[in-house]
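Enquirer: Structure in structure tokens, see below.
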Amino acid sequence: MDALGRNERVGVGRGYWKVLALCLALTACQAPSSQASTETAAPASIAAASPTAPSGPASADSPHYPDASYTEGRLRPAYGWCVDGVEDAGKLQACGKDELAYQEARLEAAASKALAGLDAAARTAFQATQASWRSDTDRYCRDVPNGSVQQLQGAQECRLYRVANRADQLLAQSAPPDTSYTQATLRPEYTRCVQDARGMDDQLEACDTAELAHHKALLEAQVARLMDGPDGPAKDRWMDEQANWAADTEKRCAPASDHVGPMLDAQSCRINRYANRAVELHTRVLTP
């Protein structure tokens, strides 16, 4: 996929990752850098580039979960690549073990941060909540003895989603407000353009289009620079981060309706996100 979203296939090696770099700047496609030497062709679409694990077994005896935290969540794109097409239980469990260790580490860090500064009563209440959450997770995400690969994957991903969602929830509670959607340092030309538009929707749209194109180009350049760096765990982690950034941007900057006002608001959201991300990545260096 190129920077404009057109599908294309390229060979492996440097060309593969340069195309994927632009894809990562704009969409949630991702692949572990360690796969560059084994893949035979670049992904042709977002769906092919970032396979997502099914949310649970689809058979008639599928378990009934209390809420979506057991079946939906944000796992690392590398996990989707790992389990894509897997038919061996051992391989599936290896993928899950690696992802669970990552998500459990996130949860532990988030819980420690949430506990900091709590008095004795609040700490006890928090620990009771955590114990209840863990009990529910163990109850609904238990392994299926002698189950099929599909059933094993459903149970495995149930636990992965629960841990990932709980970590996200606790981190969101302790994190400062995210202003990357509403504030950014933009060009003086953009400010003048908006002032000169005097509220005319078509002129405001033209101002937004030009400003977004500017910051999108800056971000693409930074993504391409980082993708040209050495492969390794640091790049894999950054690629996961970039994919999540793109997914969050698409979700939070989606227009509420097709009316002019919401469309302009959504475009402003995207401008701020691209501008902030380009600045953030400008000083980023990936170590091998």
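Residues -36 to -1, 1 to 252 in mature numbering (1 follows the signal peptide of the UniProt record, and there is no 0) are what the sequence shown spells out, letter by letter.
In this text, a Cβ means the ideal position worked out from N, Cα and C, and glycines have one as well.
Nothing here was measured: the structure is a model prediction, and the numbers come from that model.
Please report how far the alpha carbon of Pro252 lies from the alpha carbon of Arg189, in whole angstroms.
Expert: Numbered from 1 along the sequence shown, position 288 holds the residue referred to as residue 252. Numbered from 1 along the sequence shown, position 225 holds the residue referred to as residue 189. Cα to Cα, the separation comes out at about 14 Å.
Enquirer: Cα separation between Arg103 and Ala136?
Expert: Within the sequence shown, numbered from 1, the residue matching residue 103 stands at position 139. Within the sequence shown, numbered from 1, the residue matching residue 136 stands at position 172. Roughly 26 Å between the two C-alpha positions.
Enquirer: Does DSSP classify Gly20 as helix, strand or coil?
Expert: The sequence position of residue 20 within the sequence shown is 56, counting from 1. Summary for Gly20: the model assigns pLDDT 42, below 50, so the residue's position carries little reliability; its value from the coordinates is reported in the next sentence. Residue state, collapsed to three classes: coil.
Enquirer: Hey, out of Gln57, Lys55, Asp83 and Trp97, whose CA is closest to Leu71's CA?
Expert: The residue given as residue 71 occupies position 107 in the sequence shown. The shortest Cα separation from Leu71 among Gln57, Lys55, Asp83 and Trp97 belongs to Trp97.
Enquirer: Decide if Ala218 is buried, meaning its Cβ has at least 16 other Cβ atoms within 10 Å, or exposed.
Expert: What you label residue 218 is simply residue 254 of the sequence shown in a count that begins at 1. Ala218 is exposed by the Cβ-count criterion.
Enquirer: Does the contact criterion of 3 or more C-beta pairs under 8 Å hold for the region 137 to 144 versus the region 168 to 178?
Expert: no
Enquirer: Cβ atoms of Gln67 and Ala131: under 9 Å apart, would you say?
Expert: Stepping through the sequence shown from its first residue, residue 131 is reached at position 167. Stepping through the sequence shown from its first residue, residue 67 is reached at position 103. Yes, these two residues count as a Cβ contact at 9 Å.
Enquirer: Count the other C-beta atoms from every protein chain shown that fall within 10 angstroms of the C-beta of Thr173, then say buried if there are 16 or more, exposed otherwise.
Expert: Indexing the sequence shown from 1 puts residue 173 at position 209. It is exposed - the Cβ of Thr173 has fewer than 16 other Cβ atoms within 10 Å.
Enquirer: So, helix, strand or coil for Pro152, using DSSP?
Expert: As a working note, residue 152 is residue 188 in the sequence shown. Secondary structure at Pro152: helix, using DSSP grouped into helix, strand and coil.
Enquirer: Pro252 by DSSP, collapsed to three states: which one?
Expert: On the sequence shown, residue 252 is found 288 positions in, with the first residue counted as 1. Of the three classes helix, strand and coil, the one that applies to Pro252 here is coil, per DSSP.
Enquirer: Would you kindly work out how many angstroms separate the C-alpha atoms of Ala78 and Tyr29, rounded to a whole number?
Expert: To locate residue 78, count along the sequence shown from 1; it is residue 114. To locate residue 29, count along the sequence shown from 1; it is residue 65. If you take the alpha carbons of Ala78 and Tyr29, they lie about 27 Å apart.
Enquirer: Identify whether Gly60 lies in helix, strand or coil by the three-state DSSP scheme.
Expert: Indexing the sequence shown from 1 puts residue 60 at position 96. Reduced to three states, the DSSP call for Gly60 is helix.
Enquirer: Measuring CB to CB, does Tyr238 end up less than 9 Å from Tyr125?
Expert: On the sequence shown, position 274 is the one that residue 238 refers to. On the sequence shown, position 161 is the one that residue 125 refers to. Taking 9 Å as the Cβ cut-off, Tyr238 and Tyr125 do not qualify as a contacting pair.
Enquirer: Hey, Ala230 and His179: beta-carbon distance below 9 Å or not?
Expert: Numbered from 1 along the sequence shown, position 266 holds the residue referred to as residue 230. Numbered from 1 along the sequence shown, position 215 holds the residue referred to as residue 179. No, the Cβ-Cβ distance between Ala230 and His179 is not below 9 Å.
Enquirer: So, with DSSP's three-state summary, where would you put Asp31?
Expert: Here residue 31 corresponds to residue number 67 of the sequence shown, with the count starting at 1. In the structure shown, Asp31 sits in coil (DSSP, three-state: anything other than H, G, I, E or B).
Enquirer: Which residue's Cα is closest to the Cα of Gly225: Asp31, Gly163, Leu116 and Pro109?
Expert: Counting from one through the sequence shown, the residue named residue 225 turns up at place 261. The residue with the shortest Cα to Cα distance from Gly225 is Gly163.
Enquirer: Count the other C-beta atoms from every protein chain shown that fall within 10 angstroms of the C-beta of Arg183, then say buried if there are 16 or more, exposed otherwise.
Expert: Position 219 of the sequence shown, counting from 1, holds the residue named residue 183. Looking at the sequence provided, one finds Leu at residue 183 rather than Arg. Under this definition Leu183 is a buried residue.
Enquirer: Less than 8 Å between the CB atoms is what I'm expecting for Leu150 and Ile235, so what's the real figure, rounded?
Expert: By one-based count along the sequence shown, residue 150 stands at place 186. By one-based count along the sequence shown, residue 235 stands at place 271. Contact flag correct, Cβ pair sits at about 7 Å.
Enquirer: For Gly44, count the other beta carbons within 10 Å of its own beta carbon; 16 or more makes it buried, fewer makes it exposed. Which is it?
Expert: Taking the sequence shown and counting its residues from 1, one reaches residue 44 at position 80. Result: buried.
Enquirer: With DSSP run on the structure shown, which of helix, strand or coil describes Asn110?
Expert: For this step, residue 110 is matched to residue 146 along the sequence shown. Reduced to three states, the DSSP call for Asn110 is coil.
Enquirer: Out of Ser144, Asp204 and Gln115, state which residue places its alpha-carbon closest to the alpha-carbon of Leu39.
Expert: Within the sequence shown, residue 39 is the residue found at index 75, counting from 1. Nearest C-alpha to Leu39: Asp204.
Enquirer: Label Ser99 either buried or exposed according to how many other C-beta atoms from any shown protein chain fall within 10 Å of its C-beta, with 16 as the threshold for buried.
Expert: Here residue 99 refers to the residue found at position 135 of the sequence shown. Its Cβ having fewer than 16 others within 10 Å, Ser99 is exposed.
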